[in-house]
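*Asks:* Quick note on numbering: the sequence shown equals residues 1 to 338 in full-length UniProt numbering. Just so you know, even glycine gets a beta-carbon here, dropped at the ideal spot from N, CA and C.
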Amino acid sequence: MTSTPRPIILTGDRTTGPLHLGHYAGSLRARVALQHEARQFLLLADTQAMTDNVGRHQKVTGNVLEVALDYLAVGIDPALSTIVVQSQVPELAELFQYLLNLVTVARLERNPTIKEEMRLRGFERDIPAGFLTYPVSQAADITAFKATHVPVGDDQLPMIEQTNELVRRFNHTVGQPVLVECEAVLSQVARLPGVDGRAKMSKSLGNAITLGATPDEITRAVNAMYTDPNHLRVNDPGQVEGNVVFAFLDAFEPDTAKVAELKAHYRRGGLGDTALKRMLDERLQALIAPIRERRAEFARDRAEVLGILRRGTMRAREAAAQTLSEVKGALGLRYFEG
Ligand code: TRP
1 MTSTPRPIIL TGDRTTGPLH LGHYAGSLRA RVALQHEARQ FLLLADTQAM
51 TDNVGRHQKV TGNVLEVALD YLAVGIDPAL STIVVQSQVP ELAELFQYLL
101 NLVTVARLER NPTIKEEMRL RGFERDIPAG FLTYPVSQAA DITAFKATHV
151 PVGDDQLPMI EQTNELVRRF NHTVGQPVLV ECEAVLSQVA RLPGVDGRAK
201 MSKSLGNAIT LGATPDEITR AVNAMYTDPN HLRVNDPGQV EGNVVFAFLD
251 AFEPDTAKVA ELKAHYRRGG LGDTALKRML DERLQALIAP IRERRAEFAR
301 DRAEVLGILR RGTMRAREAA AQTLSEVKGA LGLRYFEG
């Protein structure tokens with residue numbers, strides 16, 4: 001990412017619960033590093049969260065501040081990054097409406113991310129129109145800020161593809177390069193499994209470690225981690241693949257030579273789960289302690305956090321309004337000027 005001009009990054013999280021170590025490994029720590037080299041917008045995607053939480057809107061609104069606290073706790077600096085509350089930027093909804101005309105229902109139904117999410121939620125034919133069309137809403141988020149780079153997990157790649165289709169379609173329709181295509185930036189880190197060994201860490205599956213976890217919660221989670229069920233005695237050879245403790249060490253132990261040595265020792269036999277888990281527990285305690293402390297500090301100063309969100313959202317509105325004005329101008333939707 002060395003291209004000039006300065007990249008514009010857009011990332012977002014649905015606000016359905018506090019973030020966890022999976023988010024930290026997959027995207028949060030990368031965002032903390034990127035804020036120095038790019039103009040970064042972090043979207044608290046409450047509007048998007050509404051699309052699959054009908055009737056649970058309080059869960060969505062109640063978690064906006066929680067996710068903001070997570071951002072601030074891990075080191076997102078509001079002087080460098082812009083934190084934006086999606087629902088408070090009406091320009092995004094307006095742009096969404098114009099983009100909706102440039103995609104067919106059939107194309108939306110083919111979006112692999114939507115297909116998978118529909119399956120997970122059992123929506124089938126009862127899919128809310130807002131959910132079916134959320135990729136277009138996401139395209140509005142991305143293009144409103146003229147984002148050049150969007151860090152995503154591989155499950156979100158179809159979103160970027162669909163966004164760029166819409167960009168090309170729009171620019172072709174108006175005969176001007178108004179909107180900007182973006183590039184997906186894939187996470188370098190493998191997806192963090194849940195504590196229980198399931199493929200994905202998720203708060204709703206109950207297999208997550210949150211960023212505000214207490215020392216006790218961390219220890220309990222580590223002790224409950226799925227390892228190798230056939231590794232019964234310390235001297236038995238153990239399996240590293242599918243072993244959650246090693247997945248976590250890969251993600252969070254910076255001393256890679258040490259991890260390689262531990263893996264060799266475990267495979268050969270002689271390294272017990274208890275000793276191994278004690279090492280991971282130490283590592284996670286050291287990682288989370290400062291995050292938990294900063295989180296608690298910000299949580300005590302709610303007015304300060306709301307001020308950060310309000311200022312970020314205002315700045316974001318200006319950027320989005322500029323793009324929207326270009327979009328409406330290109331469509332001839334300007335009647336009262338000049
Ligand atoms: N879809 C993302 C999620 O599931 C959230 C999101 C909303 C987003 N708008 C975005 C991500 C724009 C990247 C770019 O959490």
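#1: For Arg56, which of Gly22, Ala79, Thr15 has the nearest alpha-carbon?
#2: With a floor of 4 residues, list each alpha helix (DSSP H) that falls wholly inside the segment 135 to 210, ordered by position along the chain.
#3: Give me, in chain order, the residues of the same chain whose beta-carbon lies closer than 7 Å to that of Leu128; leave out the 5 immediate sequence neighbours on both sides.
#4: Buried or exposed: which applies to Val234, given that a residue is buried once 16 or more other Cβ atoms fall within 10 Å of its Cβ?
#5: Is the separation between the beta-carbon of Ala68 and that of Val305 shorter than 7 Å?
#6: Answer yes or no: do Gly22 and Met201 have a C-beta to C-beta separation smaller than 7 Å?
#7: I want to check one thing, is the minimum distance from the CB of Leu10 to the heavy atoms of the ligand TRP below 6 Å?
#8: Using a threshold of 7 Å, state whether the C-beta atoms of Ala251 and Ala25 are closer than that.
#9: Just verifying my parser: in three-state terms, what is the DSSP assignment at Gly130?
#10: Measure from the alpha carbon of Phe247 to the alpha carbon of each residue in Ala296, Val189, Ala303, then state which is nearest.
#11: Hey, quick one: how far does the beta strand (DSSP E) through Leu42 stretch, first residue to last?
#12: In three-state terms, what does DSSP make of Arg317?
#13: So what does Ile83 bridge to, in DSSP terms?
#14: Between Gly212 and Pro90, which are expected to be in contact by the criterion C-beta below 8 Å, what is the C-beta distance as a whole number of angstroms?
#15: Would you mind sorting Met118 into buried or exposed? The rule is 16 or more other CB atoms within 10 Å of its CB.
#16: Identify the residues that DSSP records as bridge partners of His20: which are they?
#17: Beta carbon of Ala144, beta carbon of Leu99: below 7 Å?
#18: Taking the C-alpha atoms as reference points, what is the distance between Arg268 and Asn207?
#19: Confirm, please, whether the CB-CB distance from Ile209 to Gln285 is below 7 Å.
#20: Where does Gly26 fall in DSSP's three states?
#21: Starting from the N-terminal side, write out each stretch of the alpha helix (DSSP H) that is 4 residues or longer and does not extend beyond the segment 229 to 266.
#22: If contact is defined by three or more beta carbon pairs under 8 Å, each pair taking one atom from either stretch, is the segment 105 to 121 in contact with the segment 64 to 82?
#23: Going by DSSP, what residues sit across from Arg14 in a beta bridge?
#24: Is DSSP giving Ile76 helix, strand or coil here?
#25: If Arg294 and Leu72 are in contact, beta carbons under 8 Å, what's the gap, nearest whole angstrom?
#26: Does the Cβ-Cβ distance between Thr133 and Ser87 come in under 7 Å?
#27: Using the C-alpha atoms, what's the distance from Pro151 back to Arg6?
*Replies:* So, to answer that:
#1: Here residue 56 is taken as the residue at index 56 of the sequence shown, counted from 1. Ranking Gly22, Ala79, Thr15 by Cα distance to Arg56 puts Thr15 first.
#2: If you keep only unbroken alpha helix (DSSP H) runs of at least 4 residues inside the segment 135 to 210, you get 157 to 174.
#3: Numbered from its first residue, the sequence shown carries residue 128 at position 128. Note on residue identity: the sequence assigns Pro, not Leu, to residue 128. Once the five neighbours on either side are set aside, the close Cβ partners of Pro128 are Thr51, Val54.
#4: As a first step, residue 234 must be located in the sequence shown, where it is residue number 234. Val234 should be labelled exposed.
#5: Walking along the sequence shown from the start, residue 68 turns up at place 68. Walking along the sequence shown from the start, residue 305 turns up at place 305. Yes; because the gap between Cβ atoms is below 7 Å, this pair is in contact.
#6: Reading the sequence shown from its first residue, position 22 is the one you call residue 22. Reading the sequence shown from its first residue, position 201 is the one you call residue 201. In this structure, Gly22 lies near Met201, with their beta-carbon atoms less than 7 Å apart.
#7: One-based indexing of the sequence shown puts residue 10 at position 10. Yes; taking the cut-off as 6 Å, the Cβ of Leu10 has a heavy atom of the ligand TRP nearer than that.
#8: The residue given as residue 251 occupies position 251 in the sequence shown. The residue given as residue 25 occupies position 25 in the sequence shown. Cβ distance < 7 Å, so Ala251 and Ala25 count as in contact.
#9: As a first step, residue 130 is located in the sequence shown; it is residue number 130 there, counting from the start. It is helical.
#10: For the purposes of this step, residue 247 is identified with residue 247 of the sequence shown, where counting begins at 1. Going by the sequence as given, residue 247 is Ala instead of Phe. Of the candidates Ala296, Val189, Ala303, the one whose C-alpha sits nearest the C-alpha of Ala247 is Val189.
#11: Here residue 42 refers to the residue found at position 42 when the sequence shown is read from its first residue. Counting along the chain, the beta strand (DSSP E) containing Leu42 begins and ends at 39 to 45.
#12: Residue 317 sits at position 317 when you count from the first residue of the sequence shown. When DSSP states are grouped into helix, strand and coil, Arg317 belongs to the helix group.
#13: One-based indexing of the sequence shown puts residue 83 at position 83. Residue pairing by DSSP puts Ile83 in a beta bridge opposite Leu42.
#14: Your numbering for residue 212 matches position 212 in the sequence shown. Your numbering for residue 90 matches position 90 in the sequence shown. About 32 Å separates the beta carbons of Gly212 and Pro90, which is beyond the 8 Å limit, so they are not a contact pair.
#15: For the purposes of this step, residue 118 is taken as residue 118 along the sequence shown, with counting starting at 1. Met118 is buried by the Cβ-count criterion.
#16: As a first step, residue 20 is located in the sequence shown; it is residue number 20 there, counting from the start. Thr210, per the DSSP bridge assignment.
#17: For this step, residue 144 is matched to residue 144 along the sequence shown. For this step, residue 99 is matched to residue 99 along the sequence shown. In this structure, Leu99 does not lie closer than 7 Å to Ala144 by Cβ.
#18: Walking along the sequence shown from the start, residue 268 turns up at place 268. Walking along the sequence shown from the start, residue 207 turns up at place 207. One C-alpha to the other measures close to 29 Å.
#19: Stepping through the sequence shown from its first residue, residue 285 is reached at position 285. Stepping through the sequence shown from its first residue, residue 209 is reached at position 209. Not closer than 7 Å, so no.
#20: For the purposes of this step, residue 26 is taken as the residue at position 26 of the sequence shown. Helix, per DSSP.
#21: Listed in chain order, they are 244 to 252.
#22: No, because fewer than three Cβ pairs between the segment 64 to 82 and the segment 105 to 121 fall closer than 8 Å, the two stretches do not touch.
#23: Within the sequence shown, residue 14 is the residue found at index 14, counting from 1. DSSP output for Arg14 lists Ala45 as bridge partner(s).
#24: Here residue 76 refers to the residue found at position 76 when the sequence shown is read from its first residue. Residue state, collapsed to three classes: coil.
#25: Taking the first residue of the sequence shown as position 1, residue 294 is located at position 294. Taking the first residue of the sequence shown as position 1, residue 72 is located at position 72. Their Cβ separation, rounded to whole angstroms, is 7 Å, which keeps Arg294 and Leu72 in contact under 8 Å.
#26: Indexing the sequence shown from 1 puts residue 133 at position 133. Indexing the sequence shown from 1 puts residue 87 at position 87. No, these two residues do not count as a Cβ contact at 7 Å.
#27: As a first step, residue 6 is located in the sequence shown; it is residue number 6 there, counting from the start. As a first step, residue 151 is located in the sequence shown; it is residue number 151 there, counting from the start. One alpha carbon belongs to Arg6, the other to Pro151, and they sit about 16 Å apart.
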